[in-house]
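> Sharing a structure here in structure tokens format.
In my numbering, the protein residues as written are 20 to 399.
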């Protein structure tokens, strides 16, 4: 295993971190973790040098923390750093901070959580918990020993990310979605460097874009096959991240022993600055090839929002494009139905035309919204 720098901390994380949200399950029930197989995966990762395990309050329907705590008993706990996350959307009053942290300590069977994150922050959730006093509470929890290091996971745009970074001098680390396709998405590469320049460790989630980069279309696979050094699409994605010095560690939500074995092998070959100029250009070419499959020329500039009816136009267009780009249409339909709130869905469009006047790409947005909503609802 290779180990890396973690911001300003005097501790080195394994290049690969274990994300505990995609364990194998029984009969397709996310709450029923296949504990025998999942424990074997965790122990294999430990033997391979992984020292950072990441979970969260809602993972596997609330069972991931408890399973992880039990599996790390018997001397394993001392070998790893545990990361979990405050369910920020459940916080309605100051007393809730202690309630959830204390419950998580019990679930994980530990007296201290090494790395504690405020989960899935965006502008709205950040403002809410900030007003409720989350920062002084974090300091208190750190001073009384329940938390060692403080951070947050993030899902919003770059300026919101910077504002959260700048709001508190005590951040030790953060967690962002980042991969070679998402260089300018949410915090993106600029956010990665912004945090790293301030001595904040940066943990990477969704390095394979939720698995979308693992099984590419033929045109993309042919590009990977043209490289002198042969790597799987997954390893190309991981090595591109590990090549960057600002990346502290890369999380992988592994689902079987083979994935653990493959990722451990990839991590053992990782390092900063190991990819050649030609290999980096190849990754750029792969990115452009994927993007060429996009049907809607949306650049996610955001000029079309806010929509008077509340439609989340950029997100909906992105989900549709992703379904086309990665040939995962049914998955995109599920994402739209399950994760786009009813008050933001495409069928709320009244064809007022306001977005048409603002879109610099001259996209016929109302037409696309009608088409997307129809196709996604029929596919789900």
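All C-beta atoms in this analysis are idealised placements derived from N, C-alpha and C, irrespective of residue type, glycine included.
Would the stretch 277 to 293 and the stretch 316 to 327 be scored as touching if the rule is three or more Cβ pairs under 8 angstroms?
No: the two stretches stay apart, fewer than three of their Cβ pairs being nearer than 8 angstroms.
> Thinking residue 148 and residue 184 are a contact (beta carbons under 8 angstroms), I'd like their distance in whole angstroms, please.
About 16 angstroms; that fails the 8 angstroms criterion.
> Just confirm the distance between the C-beta atoms of residue 195 and residue 223, as a whole number of angstroms; I'd bet it's less than 8 angstroms.
Right, their Cβ atoms sit about 7 angstroms apart.
> The beta strand (DSSP E) spanning residue 237 covers which residue range?
Looking at the DSSP string, residue 237 is not in any beta strand (DSSP E); the run it does join, the alpha helix (DSSP H), is 237 to 244.
> How about the stretch 72 to 79 and the stretch 304 to 311: do they share at least three Cβ pairs that are nearer than 8 angstroms?
The stretch 72 to 79 vs the stretch 304 to 311: no contact.
> According to DSSP, is residue 73 helix, strand or coil?
Correct three-state label for residue 73: strand.
> Give every residue of the same chain whose Cβ lies closer than 6 angstroms to the Cβ of residue 179, excluding the five residues on either side of it in the sequence, and list them in chain order.
Cβ neighbours of residue 179 beyond the five flanking positions: 142.
> Within 8 angstroms, do at least three Cβ pairs link the stretch 46 to 57 to the stretch 20 to 29?
In short, these stretches do not touch, since the Cβ pair count stays below three.
> What whole-angstrom Cβ distance do residue 236 and residue 346 have, given they're in contact under 8 angstroms?
The Cβ separation is near 6 angstroms, so the contact holds.
> Measure the Cβ-Cβ separation of residue 58 and residue 90 and say whether it is below 8 angstroms.
Cβ atoms of residue 58 and residue 90: closer than 8 angstroms.
> On the criterion of 16 or more Cβ atoms from any shown chain inside 10 Å, does residue 135 qualify as buried, or is it exposed?
Classification for residue 135: buried.
> Could you check the C-alpha separation between residue 415 and residue 128 for me, to the nearest Å?
For the chain, the structure presents residues 20 to 399; residue 415 sits outside this window and is missing.
> DSSP three-state call for residue 193: helix, strand or coil?
Residue 193 falls in the strand class under three-state DSSP.
> Spatial neighbours of residue 21 within its chain, please: CB distance less than 7 angstroms, with the 5 preceding and 5 following residues excluded, ordered by chain position.
These residues qualify, in order along the chain: 34, 286, 287, 289 and 290.
> Since residue 99 is in the alpha helix (DSSP H), which residue starts that stretch and which ends it?
Run containing residue 99: none; DSSP gives neither H nor E here.
> Which same chain residues end up closer than 6 angstroms to residue 137 when comparing Cβ atoms and leaving out the 5 residues on each side of it in sequence?
Around residue 137: 105, 107 and 171.
> What are the boundary residues of the beta strand (DSSP E) that residue 132 is part of?
Taken as a continuous stretch (DSSP letters only), the beta strand (DSSP E) holding residue 132 covers 132 to 140.
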